[in-house]
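Heads up: the structure comes next, in structure tokens.
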Amino acid sequence: MPTSRKRATLPAQAGIGLRHPHLPAFLAAPQPVAWLEVHSENYLAPGGPRLAALERLRSDYPLSCHGVGLSLGSAEGLDAAHLARLRGLYDRLEPAAISEHLAWSTAPDGTFLADLLPLPYTDELLTIVAANIERAQEALGRRLLVENPSTYLRFQQTDWDEAAFLSELVRRTDCGLLLDVNNLYVSAANHGGDPEAALNALPLAAVGEIHIAGHARVATSWGELLIDDHSSPVAEPVWALLTTTLRLTGPRPVLVEWDTQIPELPVLLAEAERARICLREITNAPG
Numbered sequence: 511m512p513t514s515r516k517r518a519t520l521p522a523q524a525g526i527g528l529r530h531p532h533l534p535a536f537l538a539a540p541q542p543v544a545w546l547e548v549h550s551e552n553y554l555a556p557g558g559p560r561l562a563a564l565e566r567l568r569s570d571y572p573l574s575c576h577g578v579g580l581s582l583g584s585a586e587g588l589d590a591a592h593l594a595r596l597r598g599l600y601d602r603l604e605p606a607a608i609s610e611h612l613a614w615s616t617a618p619d620g621t622f623l624a625d626l627l628p629l630p631y632t633d634e635l636l637t638i639v640a641a642n643i644e645r646a647q648e649a650l651g652r653r654l655l656v657e658n659p660s661t662y663l664r665f666q667q668t669d670w671d672e673a674a675f676l677s678e679l680v681r682r683t684d685c686g687l688l689l690d691v692n693n694l695y696v697s698a699a700n701h702g703g704d705p706e707a708a709l710n711a712l713p714l715a716a717v718g719e720i721h722i723a724g725h726a727r728v729a730t731s732w733g734e735l736l737i738d739d740h741s742s743p744v745a746e747p748v749w750a751l752l753t754t755t756l757r758l759t760g761p762r763p764v765l766v767e768w769d770t771q772i773p774e775l776p777v778l779l780a781e782a783e784r785a786r787i788c789l790r791e792i793t794n795a796p797g
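The sequence shown begins at 511 in our numbering and counts up by one.
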């Protein structure tokens with residue numbers, strides 16, 4: 511494995527996803543968070559006030575750049591132009607971590623579908639995704655953290671469970687894992703699984719960042735479905751699963767995501783404070 515790739519260096523503390531409504535508050539005064547995460551695609555335009563503001567903030571807060579458009583599951587491979595734009599952004603911002611989703615979002619004709627669609631965990635897709643991760647890491651010059659998805663269906667054809675699939679990707683490519691605890695909980699609930707068993711099966715030594723977020727409960731004709739919508743406070747079972755996770759991994763960077771129905775900044779900071787308490791309790795735990 512190449513050793514020259516820059517690896518994640520986020521502090522093992524609580525951060526929040528920086529969204530545009532909160533940008534003025536961060537520019538006006540320091541805020542009580544250790545680091546910030548942004549969606550990479552929101553800053554790909556060269557220059558402009560938004561990117562200039564982010565460059566100001568990066569001197570005070572380590573940044574994590576979270577991509578949503580690389581489409582690691584695309585059988586046609588990665589978009590070279592998109593990779594080049596990401597490389598330009600990352601060279602400019604020097605983020606402490608970069609990440610993408612285990613999903614696909616680009617159709618065979620090149621159409622971007624603006625969604626994170628699930629993958630069948632087959633041998634064929636494993637080879638494709640591993641090759642795409644290797645290409646991305648080589649092109650970006652950085653180790654990529656790959657996020658476990660939230661899922662709402664299962665494919666009839668599958669050769670691997672999700673944890674084994676992710677473990678093999680880590681082994682083949684030396685990528686890291688962005689462990690989304692809310693996604694883990696949502697997927698387990700939707701498929702009748704045990705989230706703690708799913709957690710224990712993951713390659714936890716590779717975790718470079720943790721996400722938590724809110725989810726919605728939706729009644730359907732076949733029962734209740736949990737939707738990873740990032741529009742509400744973190745649910746109590748997810749907080750409990752975060753504590754369990756941190757006991758297994760030790761302190762890790764923990765990010766609170768809130769992407770729709772975005773609240774006032776103090777609400778988000780209160781969620782980050784609770785994450786900080788979880789981290790402190792783990793750090794101070796006996797033994």
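Where is the CB? At the ideal position from N, CA and C, for every residue including glycine.
| Item | Value |
| --- | --- |
| C-alpha distance - W749 paired with D769, whole-angstrom precision | 18 Å |
| CB of V548 within 8 Å of CB of L573, strictly | yes |
| Whole-angstrom C-beta distance between V766 and I720, which should lie under 8 Å | So it is not a contact: roughly 10 Å between Cβ atoms. |
| Contact between the stretch 652-671 and the stretch 527-544 (3+ Cβ pairs under 8 Å) | no |
| Bridge partner(s) assigned by DSSP for S696 | According to the sequence provided, residue 696 is Val. The question's Ser does not apply to it. Its beta-bridge partners do not exist; DSSP assigns none. |
| Closest by C-alpha distance to G583, when choosing among G598, Q541 and I643 | I643 |
| Where L537 falls, given that 16 or more other Cβ within 10 Å makes a residue buried | exposed |
| Secondary structure of G579, DSSP reduced to three states | coil |
| Residue from V744, L709 and D669 with nearest C-alpha to L688 | L709 |
| Bounding residues of the alpha helix (DSSP H) (the contiguous stretch that carries T793) | L775 to N794 |
| Where the alpha helix (DSSP H) containing S609 begins and where it ends | Element bounds for S609: not the alpha helix (DSSP H) but the beta strand (DSSP E), A607 to H611. |
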